Ligand code: SF4
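See below:
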C-alpha cells in the first residue's frame with residue numbers, strides 16, 4: 085500500500101491539516117469597500133474567536149480595500165489572515181493573490197471557455213506561489229455548471245469530479261498550499277460529497293485539508309441544527325480541518341456555534357450524552373449549547389440511517405426542558421437530516437458585501453408567511469450574481485437585485501423581475517398561490 089501524504093496548508097501562520105487544531109472561521113457581510121465597517125466587523129470576529137476571516141471581493145477595487153483592511157488590522161496588532169472570496173472574475177483572483185492571505189475561488193467560473201479558464205488558473209497559481217498565498221478551491225452543489233451536470237448529474241459525484249480536475253492541475257503545478265470545499269445546503273448531499281472526496285484523496289494518496297460547511301443553512305435553531313449535524317457527521321470520522329457555520333444573521337453569532345461544535349469533538353468522546361441505545365440526556369448552560377450539542381450527538385446517526393427515532397431529555401441552566409421544546413427540536417433535526425419533512429424547507433444565504441437589503445428581516449418575514457407550506461423549498465438570496473445559481477433545488481426564490489428591487493424565481497426561472505422590495509413578499513405569496521401550492 086502506498087503511503088498517504090497529508091498536506092498542510094499554511095495561511096500566513098494558521099496551519100490546516102492533519103495534526104493541527106480545527107480552525108473556526110467566518111465571513112464579513114458588510115461592503116468590503118466600506119473599510120471602517122469592515123474593519124469593525126473583522127475586529128469583532130477576531131475577538132469572538134475566528135481564526136480566518138473572509139471578505140467578498142468582487143473586483144480589483146475590493147482587492148485594494150482588502151489591502152487597506154489588512155493594514156488596519158495589523159496596525160491594531162491583529163494578524164488574523166484575510167481570505168478574498170472571488171466569484172467569476174479571474175482578474176480579481178489574480179489581483180487578490182498578491183494581497184490576501186488566502187483566495188477562495190471556483191476556477192470553473194473563471195471563463196466560459198474551459199481552456200481559457202485553465203490558463204487563467206495556472207496564472208493565478210503562479211502569483212499565489214510568488215506571494216505565499218493559500219488557495220481554497222470551493223465548489224458548491226448549486227453551481228456545478230452544465231459540463232459537469234451533463235456528465236454526472238447534480239450529484240455528490242459530480243461535485244467531486246468538478247473539483248478533482250483543479251486538484252490535478254495543482255498537483256501538476258506542484259502547488260500544495262490548497263484547501264478544498266464541497267458545500268451544499270442539503271445536509272445529506274454535503275456529507276456524501278465530502279466523504280466521496282475524502283475517499284478519492286485517500287485512493288490517490290494525497291489528502292488536502294478540507295473546509296467544511298453547510299451552505300445557505302438559514303437562521304435560528306434550524307440553521308444551527310443543520311450546520312452542527314452535517315459538520316458532526318464528518319468531524320467524528322476525522323474529516324475536516326476548518327469549519328464555518330453559515331447563518332443568515334450577524335456573522336459574529338456564527339462563531340460561538342462553530343466553537344461549540346469544535347469543542348464537542350475536541351474531547352474525543354463523541355457519545356458523552358448517550359445513556360442507552362437511542363437515548364440522550366443533555367445538560368448545558370444555554371439553549372444554543374443544548375441545540376448544538378444535541379445536533380452533534382444525534383445528527384450523525386439520523387443522517388446515516390442507523391437511527392430512526394430517539395429519546396431526548398434536556399436541561400438548560402438547571403431547568404428541565406418540557407416536551408414541547410424537545411418536540412420542536414425533534415421536528416427540526418428530523419427535517420434537517422431529511423428524515424421527516426413536517427414544514428416548509430428554507431435555503432437562505434448568509435449574506436455578504438453583495439447583499440444590498442436587510443436579508444435577515446426579509447427572511448424572517450418570508451418564514452412567518454410560508455411556514456405552513458409543507459413540502460415546498462423557498463430560497464431567500466442576497467444577490468442576483470450568485471443567488472440564482474446557489475438556490476439549489478428550491479421551488480421558489482426571492483433574490484435581491486439591488487436598488488430596492490427583487491426578482492422572484494420559480495425553480496431556476498426568473499418569473500417576476502424588478503419588483504419593489506416593499507411588495508415582494510406579497511408577490512411571492514401570490515405566485516405560490518396562483519400555482520395552486522399556497523395551502
Ligand atoms: S448569494 Fe448571498 S452570500 Fe452568496 S454572493 Fe450573493 S449575497 Fe453573498
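Residue numbers (my numbering): 85 to 523. Where a beta carbon is used, it is the ideal one built from N, C-alpha and C, also for glycine. On a predicted model such as this, the values are computed, not experimentally measured, just so you know.
Simplified DSSP state of residue i, which is helix, strand or coil
i	result
residue 142	coil
residue 443	helix
residue 504	strand
residue 113	coil
residue 558	There is no way to answer for residue 558, as the model of the chain reaches only from 85 to 523.
residue 467	coil
residue 165	coil
residue 236	helix
residue 452	helix
residue 436	coil
residue 126	helix
residue 457	coil
residue 90	strand
residue 223	strand
residue 328	coil
residue 188	strand
residue 481	strand
residue 382	helix
Residue i beta carbon near ligand 1 (any heavy atom closer than 8 angstroms)
i	result
residue 435	yes
residue 511	no
residue 488	no
residue 474	yes
residue 220	no
residue 446	no
residue 193	no
residue 187	no
residue 470	yes
residue 438	yes
residue 140	yes
residue 484	yes
residue 225	no
residue 467	yes
residue 295	no
Cutoff 8 angstroms; reference residue i; Cβ partners in own chain excluding five residues on either side
i	result
residue 153	116, 119, 122, 123, 126, 139 and 166
Other residues of its chain near residue i: CB distance less than 6 angstroms, five sequence neighbours each side excluded
i	result
residue 92	99 and 101
residue 418	424
residue 381	357 and 364
Neighbourhood of residue i by C-beta, 7 angstroms cutoff - its chain only, sequence neighbours within 5 removed
i	result
residue 162	127 and 130
residue 174	194, 195, 204 and 208
residue 286	88
residue 339	108, 110, 129, 132, 133 and 134
Supposed contact pair residue j and residue i - C-beta distance, whole angstroms, cut 8 angstroms
i	j	result
residue 490	residue 480	Actually they are not in contact, since the Cβ atoms of residue 490 and residue 480 sit about 12 angstroms apart, beyond 8 angstroms.
residue 185	residue 96	4 angstroms
residue 114	residue 133	With a Cβ gap of about 19 angstroms, residue 114 and residue 133 do not count as contacting.
residue 191	residue 201	6 angstroms
residue 341	residue 308	5 angstroms
residue 180	residue 313	Not quite, the Cβ-Cβ distance comes to about 33 angstroms (not below 8 angstroms), so this is no contact.
residue 284	residue 248	7 angstroms
Proximity test, residue i beta-carbon vs ligand 2 heavy atom, cut-off 8 angstroms
i	result
residue 171	Judged by which ligands are present, ligand 2 is missing from the structure shown, whose ligands are ligand 1.
Item to check | At least three beta-carbon pairs within less than 8 angstroms, the region 354-367 to the region 392-400 | outcome: Flag = yes, the region 354-367 and the region 392-400 touch.
Next on the checklist: Between the region 264-277 and the region 405-417, can you find at least three pairs of beta-carbon atoms closer than 8 angstroms?
Outcome noted: No: the two stretches stay apart, fewer than three of their Cβ pairs being nearer than 8 angstroms.
Checklist entry - Quick one: any contact between the region 206-215 and the region 232-246, if contact means 3 or more CB pairs under 8 angstroms? => result No contact exists between the region 206-215 and the region 232-246.
Checklist entry - Quick one: any contact between the region 338-351 and the region 373-389, if contact means 3 or more CB pairs under 8 angstroms? => result Touching, per the Cβ criterion.
Item to check | Cβ contact (3+ pairs, closer than 8 angstroms) linking the region 215-222 and the region 245-260 | outcome: Counting C-beta pairs with one atom in each stretch, the region 215-222 and the region 245-260 have three or more that are closer than 8 angstroms, which means they touch.
Checklist entry - So, do the region 460-471 and the region 423-440 have three or more beta carbon pairs nearer to each other than 8 angstroms? => result As far as the Cβ criterion goes, the region 460-471 touches the region 423-440, which means the pair count is three or higher.
Next on the checklist: Whether or not the region 490-506 and the region 291-311 are in contact is what I'm after, with contact meaning three or more pairs of Cβ atoms, one per stretch, closer than 8 angstroms; do they touch?
Outcome noted: They do not touch, by the three-pair rule.
Checklist entry - Is the number of C-beta pairs between the region 451-460 and the region 328-346 that are closer than 8 angstroms three or more? => result Here the region 451-460 does not lie against the region 328-346, with fewer than 3 beta-carbon pairs under 8 angstroms apart.
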